[in-house]
Amino acid sequence: GAGVSQSPSNKVTEKGKDVELRCDPISGHTALYWYRQSLGQGLEFLIYFQGNSAPDKSGLPSDRFSAERTGGSVSTLTIQRTQQEDSAVYLCASSHAGTGGTQYFGPGTRLLVL
Amino acid sequence: AQSVSQHNHHVILSEAASLELGCNYSYGGTVNLFWYVQYPGQHLQLLLKYFSGDPLVKGIKGFEAEFIKSKFSFNLRKPSVQWSDTAEYFCAVNANSGNTPLVFGKGTRLSVIA
Chain A
1 GAGVSQSPSN
11 KVTEKGKDVE
21 LRCDPISGHT
31 ALYWYRQSLG
41 QGLEFLIYFQ
51 GNSAPDKSGL
61 PSDRFSAERT
71 GGSVSTLTIQ
81 RTQQEDSAVY
91 LCASSHAGTG
101 GTQYFGPGTR
111 LLVL
Chain B
1001 AQSVSQHNHH
1011 VILSEAASLE
1021 LGCNYSYGGT
1031 VNLFWYVQYP
1041 GQHLQLLLKY
1051 FSGDPLVKGI
1061 KGFEAEFIKS
1071 KFSFNLRKPS
1081 VQWSDTAEYF
1091 CAVNANSGNT
1101 PLVFGKGTRL
1111 SVIA
């Protein structure tokens, strides 16, 4: 079946602009995760959604970052007033409910803030 | 807090050489362990995982990993590497208690030369 999809694949923006990144998880997966992959920092957890529970936002680096998940499916990660240090690849993953659900990753959105 | 340490930043091997990539984790409870691979230009893919049972886990493409609880280790091995194994390898861990975010190591870049 279809995997996790993300859009856009690449985004170039100017410092101070807002950006929205989209993730379509695998159908039926109740858990959805956002990670960031940057040089020197590796892969960092940002936020995750589990069913109808309140999201775990503990990984968000600042209040300029937010995410929502509509209807338990598609998720949007928003970065307000982008800074150059926000440049990274933003990865989305999804998994089945239950202990040990394997996370399947999308191709990522490469964000460059000029 | 959980943490994952991958000992090698960059490994260079000739084809047919044996591979072992080190991974140690720090966590006080029961964990799930994963190795993901990222081939050049591609997204993260699951190589293998350990949840419980036999500590020797076999994955795709001839890879295996051994969970040694007393050493908090989950090293990845392959007896004979191929040029196509050139990629970045990430060790990851999450808590074995429902869906939880992954904590990743910094990754090990493997270059296989002919």
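If you're matching them up, the sequences are chains A and B in order. Position 83, counted from 1, in the first sequence is what the numbering used here calls 83; the numbers after and before it change by one each time, with no gaps. Position 3, counted from 1, in the second sequence is what the numbering used here calls 1003; the numbers after and before it change by one each time, with no gaps. For glycine and all other residues, C-beta sits at the position ideal for the given N, C-alpha and C. Predicted model, so just to flag it, every value in this text is computed and none were measured.
Secondary structure at B/I1012, three-state DSSP: helix, strand or coil? strand
Item to check | chain A contact residues for B/G1059, given Cβ-Cβ distances below 7 Å | outcome: Neighbours of B/G1059 on chain A: none; closest Cβ ~12 Å, over 7 Å.
Q. Can you give the Cα-Cα distance for B/S1073 and A/G16, rounded to whole angstroms?
A. 43 Å
message = For the structure I just gave you, are there three or more beta carbon pairs, one from the stretch 81-90 of chain A and one from the stretch 27-38 of chain A, closer than 8 Å?
response = yes
*asked:* Tell me which residues share the same chain as A/P55 and place their Cβ nearer than 6 Å to its Cβ, disregarding the 5 neighbours each side in the sequence.
replied: I47 and F49
* **Cutoff 7 Å; reference B/W1083; Cβ partners in own chain excluding five residues on either side** => E1015, V1112 and A1114
TODO: Name, in chain order, the residues that DSSP records as bridge partners for A/D56.
DONE: A/Y48
**Message:** Tell me the residue span of the beta strand (DSSP E) that contains A/T13.
**Reply:** In this chain, the beta strand (DSSP E) harbouring A/T13 covers N10 to T13.
Three-way DSSP call (helix, strand, coil) for A/Q80 in this model: DSSP, reduced to helix, strand and coil, places A/Q80 outside both helices and strands of the structure shown, so it counts as coil.
Residues that A/L91 contacts on chain B, provided the C-beta gap is smaller than 9 Å: H1043 and L1044
Name the chain A residues whose beta carbon is nearer than 7 Å to that of B/G1107? G42
> So which residues of chain A does B/L1102 contact, with C-beta pairs closer than 9 Å?
Replying inline: Going along chain A in sequence order, the residues near B/L1102 (Cβ under 9 Å) are Y33, Y35, L43, F45, A93 and Q103.
I'd like the span of the beta strand (DSSP E) that includes B/W1083, first residue to last. First-last for B/W1083: undefined, no H or E at that position.
Any idea which residues DSSP pairs A/D63 with across the strands? According to DSSP, which records beta bridges pairwise, A/D63 is partnered with nothing at all.
- Task: Could you check if A/S9 is buried or exposed, using at least 16 other CB atoms within 10 Å of its CB as the buried criterion?
- Result: exposed
Tell me, please, which residues DSSP counts as bridged to B/L1102. DSSP lists no partner for B/L1102.
If distances are taken between C-alpha atoms only, which option among A/V74, A/N52 and A/V19 comes closest to A/A93? Among A/V74, A/N52 and A/V19, the Cα nearest to that of A/A93 belongs to A/V74.
Quiz item: Run through DSSP, which three-state label would B/K1121 get?
Solution: Any question about residue 1121 of chain B goes unanswered here, given that chain B covers just 1001 to 1114.
Problem set entry | Spatially closest choice to B/L1013 from B/S1097, B/E1066, B/F1090 and B/P1079, by CA coordinates | Residue B/P1079 is the option with its Cα nearest to B/L1013.
Practice problem: Quick one: measure Cβ to Cβ for B/R1077 and B/A1065, integer angstroms, because I've assumed they're closer than 8 Å. | Solution: 7 Å
- [ ] Find the residues of chain A that neighbour B/N1024, judging by a C-beta separation of less than 9 Å, and give them in chain order.
- [x] None at all; the shortest Cβ gap to chain A is about 15 Å.
Spatially closest choice to B/G1041 from A/G108, A/I26, A/S5 and A/V12, by CA coordinates: A/G108
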